[in-house]
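**Student:** Residue numbers (the UniProt record's numbering): 1 to 163.
Even glycine gets a Cβ: it sits at the ideal position worked out from N, Cα and C.
These numbers were taken from a predicted model, which means no experiment stands behind them.
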Amino acid sequence: MELVLRPAGRQDAAVLAAIYNSNPEFLLHHLGRDRVDEAFLLSELEEMVGAGFVTLLITQGRDGPALAAADVRGGEEAYLSLLILHRDAQGHGLGRQCAALLEEHLRAGGSRRVRIDVVDDHPGNPLPFWRRMGYEGSQRVALTWGDKTSSALVLRKELCPLP
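1) Flag this pair as yes or no: are the beta carbons of L155 and I116 separated by less than 7 Å?
2) Taking contact to mean at least 3 C-beta pairs separated by less than 8 Å, is the segment 67–83 in contact with the segment 36–53?
3) Does the segment 99–115 come close enough to the segment 13–26 to have 3 or more Cβ pairs within less than 8 Å?
4) Could I get the ranges of all uninterrupted beta strand (DSSP E) runs contained in the UniProt domain "N-acetyltransferase" (3–160), with 3 residues as the minimum, in chain order?
5) Taking the alpha-carbon of E104 as reference, which of A142, H86, V72, S150 has the nearest alpha-carbon?
6) Should E44 be labelled buried (16 or more other beta-carbon atoms within 10 Å of its own) or exposed?
7) From G134 to L5, what does the alpha carbon distance come to, in whole angstroms?
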């Protein structure tokens, strides 16, 4: 399946809400609530732009449905703030494909490594996934999103230069 990255904008608030709301456990453990609305996502888009991030949608082909969303900030050390797959897209190897696509995008933009902060204190702990993807680290930080503060493990991965 061909996956395509494209910037998300205000017009994508409903699509983003569908992706986020398909993951109520994730929202509960990260935000302290199990649903978000379009107004929340419009605010998030503005906040992320203000912090130097871009929100990307990952779609099935150029005109296909959105399968995932990501918030990334480039630079020598890129920061992947969020990768969230629609619940229906999970369990089919698409997470690995989405992460690899994001790494390729960041590498093409000049990033030499990627940092992610993984909230790992809940039943859906994504830490094993990121470890399998080659991310390593042991530093802990506190992350606040909305009204919830969580403990997260900082992981990094060196990106090989493009050939």
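**Tutor:** Taking the definition as stated:
1) Going by C-beta atoms, L155 is nearer than 7 Å to I116.
2) With the cut-off at 8 Å, the segment 67–83 and the segment 36–53 touch.
3) Contact between the segment 99–115 and the segment 13–26 is absent, because fewer than three Cβ pairs lie under 8 Å.
4) Positions of the beta strand (DSSP E) runs, each at least 3 residues long and wholly inside the UniProt domain "N-acetyltransferase" (3–160), are given as 3–7, 54–60, 66–73, 77–85, 113–119, 140–145, 148–158 in order along the chain.
5) The shortest C-alpha separation from E104 is found at V72.
6) Residue environment analysis places E44 among the buried positions, since at least 16 neighbouring C-beta atoms fall within 10 angstroms of its C-beta.
7) Answer to the nearest angstrom: the Cα atoms are 22 Å apart.
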